[in-house]
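*Asks:* Take any residue in the sequence shown, count from 1 to its spot, add 62: that is its number in my numbering. Positions of the beta carbon are idealized from the N, C-alpha and C atoms, including for glycine.
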Amino acid sequence: MSTCKACCENQGSEKKRLRIAIQKSGRLTDETLKLFKSSGIKISANRDHLLAHAENLPIDILRVRDDDIPGLVMDHVVDWGIVGQNVLEETTMQRELDGMPTGFNEVLKLNFGDCRLSVAVPTEHEWTGLKDLEGAKIATTYPHLLKRVLKQEGVNFKSVLLTGSVEVAPRAGLADAICDLVCTGATLQSNGLKEVQTIYTSKAVLIGRDQELYPEKKAIADLLIERFKGVMSAEESRYIMMNAPKAKLEAIRAILPGAENPSIIPLEGSDDHVALHVVSREKLFWETLEQLKSLGATSILVVPIEKMLG
Ligand code: PRT
Ligand code: ZN
Numbered sequence: 063m064s065t066c067k068a069c070c071e072n073q074g075s076e077k078k079r080l081r082i083a084i085q086k087s088g089r090l091t092d093e094t095l096k097l098f099k100s101s102g103i104k105i106s107a108n109r110d111h112l113l114a115h116a117e118n119l120p121i122d123i124l125r126v127r128d129d130d131i132p133g134l135v136m137d138h139v140v141d142w143g144i145v146g147q148n149v150l151e152e153t154t155m156q157r158e159l160d161g162m163p164t165g166f167n168e169v170l171k172l173n174f175g176d177c178r179l180s181v182a183v184p185t186e187h188e189w190t191g192l193k194d195l196e197g198a199k200i201a202t203t204y205p206h207l208l209k210r211v212l213k214q215e216g217v218n219f220k221s222v223l224l225t226g227s228v229e230v231a232p233r234a235g236l237a238d239a240i241c242d243l244v245c246t247g248a249t250l251q252s253n254g255l256k257e258v259q260t261i262y263t264s265k266a267v268l269i270g271r272d273q274e275l276y277p278e279k280k281a282i283a284d285l286l287i288e289r290f291k292g293v294m295s296a297e298e299s300r301y302i303m304m305n306a307p308k309a310k311l312e313a314i315r316a317i318l319p320g321a322e323n324p325s326i327i328p329l330e331g332s333d334d335h336v337a338l339h340v341v342s343r344e345k346l347f348w349e350t351l352e353q354l355k356s357l358g359a360t361s362i363l364v365v366p367i368e369k370m371l372g
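1. Threshold first: 4 residues or longer. Then list the alpha helix (DSSP H) segments lying entirely within the segment 287 to 336, N to C.
2. Residues in the same chain with beta-carbon distance under 8 angstroms from V336, minus the five sequence neighbours each way, listed in chain order, please.
3. Per DSSP, which one or two residues make a beta bridge with G143?
4. So, using beta-carbon positions, are L338 and P324 closer together than 8 angstroms?
5. Considering I131, what are the terminal residues of the alpha helix (DSSP H) in which it resides?
6. Can you give me the C-alpha to C-alpha distance between V149 and L192, rounded to a whole angstrom?
7. Can you tell me which of C241, E322, L195 and Q273 puts its alpha carbon nearest to the alpha carbon of S341?
8. Provide the residue(s) that pair with C385 in DSSP beta bridges, ordered along the chain.
9. To the nearest angstrom, report how far apart S365 and K265 are at their CA atoms.
10. List in chain order the residues whose CB is within less than 6 angstroms of at least one heavy atom of the ligand ZN.
11. If I follow the unbroken alpha helix (DSSP H) through S227, where does it start and stop?
12. Answer with buried or exposed for Q214, where buried requires no fewer than 16 other C-beta atoms within 10 angstroms of its C-beta.
13. Quick one: using the 10 Å Cβ neighbour count with 16 as the cut-off for buried, is L354 buried or exposed?
14. Determine, using beta carbons only, whether G270 and D141 come nearer to each other than 8 angstroms.
15. Given a cut-off of 8 angstroms, decide if V267 and E168 are closer than it, judged by their beta-carbon atoms.
16. Please check the pair D128 and L90, which I expect to be a contact at CB under 8 angstroms, by giving their CB distance rounded to whole angstroms.
17. On a Cα-Cα basis, can you pick out the residue from K77, I103 and E151 that is closest to V139?
18. Which term fits L250, buried or exposed, when burial requires 16 or more other beta carbons within 10 angstroms of its beta carbon?
19. In angstroms with no decimal places, state the Cα-to-Cα distance between A248 and A231.
20. Could you check if D160 is buried or exposed, using at least 16 other CB atoms within 10 Å of its CB as the buried criterion?
21. Are the beta-carbon atoms of P205 and L179 separated by less than 8 angstroms?
22. On the criterion of 16 or more Cβ atoms from any shown chain inside 10 Å, does C69 qualify as buried, or is it exposed?
23. Please classify P184: does DSSP put it in a helix, a strand, or coil?
24. If the criterion is Cβ atoms closer than 8 angstroms, does the pair L207 and E152 meet it?
25. Is it buried or exposed, K279, if we count other Cβ atoms within 10 angstroms and call 16 or more buried?
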C-alpha cells in the first residue's frame, strides 16, 4: 500500500505539536513573547513569518491579527490563542449572529492587556448618565458589547462602526459620542473627549478549543499551564529579608501581605533579634516597608523572584 509522506507527517504533527495563535504585532505581542520566553519557549525572532516553530518544545506559533484569534480557536484551526477578552466577547456575539461555531475554553487569565471599554463624549457635554445617549450616533469597534449594555438601559442608539481612529469621530462630525478602549485616558483627553462610563473591563486571556487534546498535546499543554502560572506568580512575588526584634515577630507577620510561613534564623551575637526570610505573593508598597521599619525591623531587603514552581 502506498503512503503519502507529507500527509502522514502532517497528521503526526496535528496530534503532537501544540499550535498557538498570538497577535502578530500590537499591544499584546511583547507581553505574550515575554511570557513565552520566561516559560522557556524559544521561538525564532523573525516576526514576519506567519508560522514559527519553537526550537526546544513541540509548539507552533501562528502570528495573526488579534481579531482572527477567537475564530481560529473556535474553528479548531489552532489549539490555543491569546487574545483580549474584549475581542473574544465581541467576536463571539458576531459569530452567534452569523451562525458560526462559538465554543472555546478559558484556560488561563493572563496578567497583561488590561484596559476598559468606555463611553466618552466631548468635554463640554454635561453628562447625566447613559440615558443621554438616547438617539445618539456612537462610533465604536465594539457594537455588540455596547448594544448589550445600552439595551439593558433601554437606550436606543445608532452605532457607527470604525476599526481605527475612533476617537476622532466626534470632531469629524461622524458621531456624537464614542465607545472605545481606554488605558491611561491620554488619547481621549488629547481629542477633547471625557470618559463618562465604563461598560466593560478586559485583560488578555489564554483560550483553548472546546475539544479534548490528543494525549501528547495535552501533556505539553499541562506543562505550559504550570509554567505560565509560575511565571505570573513569580512576577507578583517578592523575597523579603530583614532583621527583626523577636518581640515584634507577630506584628511584623501580620502586616506582610500574602506572606507564607517565614524562615526565622538566629542572629549571631543577638538574643533579642532574628533574621526573617519570607516569600510575599502580593505587591509590596513603600507604606508596608515603612511600617516594618517602625516596628524595629532593620536591613530590609526586597528581592524580585525569577521563577517559582509549586
Ligand atoms: O493589528 P491588530 O488587529 O492585531 O491589532 P489592533 O490594532 O486591533 O489591537 P491593539 O494592538 O491596539 O490592541 C490589542 C488588545 O490590547 C486590545 O484588544 C485590548 O485587549 C488590549 N489593550 C490594552 C488595548 C489598550 N490597552 C489600549 N489602550 N487596546 C487598545 N488600546 C488603544 C485604544 O483603542 C485607544 O486608541 O489605545 C488607545 C487608548 O490608550 P490610552 O492609554 O491613551 O487611554
Ligand atoms: Zn485588531
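*Replies:* Result, derived from the coordinates:
1. Complete alpha helix (DSSP H) runs here, min 4: 311 to 317.
2. Answer for V336: N305, A306, K308, L311, I326, I327, P328 and L329, listed in chain order.
3. Looking at the DSSP assignment, G143 forms a beta bridge with A83 and I269.
4. L338 is a Cβ neighbour of P324, given a cutoff of 8 angstroms.
5. Segment I131 to M136, the alpha helix (DSSP H) holding I131.
6. Looking at the two C-alpha atoms, the distance is approximately 23 angstroms.
7. Here the sequence assigns Val to residue 341, which means Ser is not the residue at that position. Of C241, E322, L195 and Q273, the residue nearest in Cα terms is E322.
8. Limits of the chain in this structure are 63 at one end and 372 at the other, which puts residue 385 out of reach.
9. Per the sequence shown, residue 365 should be read as Val rather than Ser. The straight-line gap separating the alpha-carbon atoms of V365 and K265 is approximately 27 angstroms.
10. Counting every residue whose Cβ lies closer than 6 angstroms to a heavy atom of the ligand ZN, we get R127, D128 and D129.
11. Element bounds for S227: n/a, residue is neither H nor E.
12. Exposed: under 16 other Cβ atoms inside 10 Å.
13. Under this definition L354 is a buried residue.
14. Contact flag set, yes.
15. In this structure, V267 lies closer than 8 angstroms to E168 by Cβ.
16. Yes, they are in contact, since the Cβ atoms of D128 and L90 sit about 6 angstroms apart, within 8 angstroms.
17. Of K77, I103 and E151, the residue nearest in Cα terms is K77.
18. With a 10 Å radius around the Cβ and a threshold of 16 neighbouring Cβ atoms, L250 comes out buried.
19. Distance from the CA of A248 to the CA of A231, rounded to the nearest whole angstrom, comes to 16 angstroms.
20. Exposed.
21. The Cβ-Cβ distance between P205 and L179 does not fall below 8 angstroms.
22. The predicted position of C69 is uncertain, since its pLDDT is 40 and thus under 50; a value taken from the coordinates is nonetheless stated next. Its Cβ having fewer than 16 others within 10 Å, C69 is exposed.
23. Note: P184 maps to strand in three-state DSSP.
24. A distance below 8 angstroms separates the beta carbons of L207 and E152.
25. Here K279 is buried: its Cβ has 16 or more other Cβ atoms, across all protein chains shown, within 10 Å.
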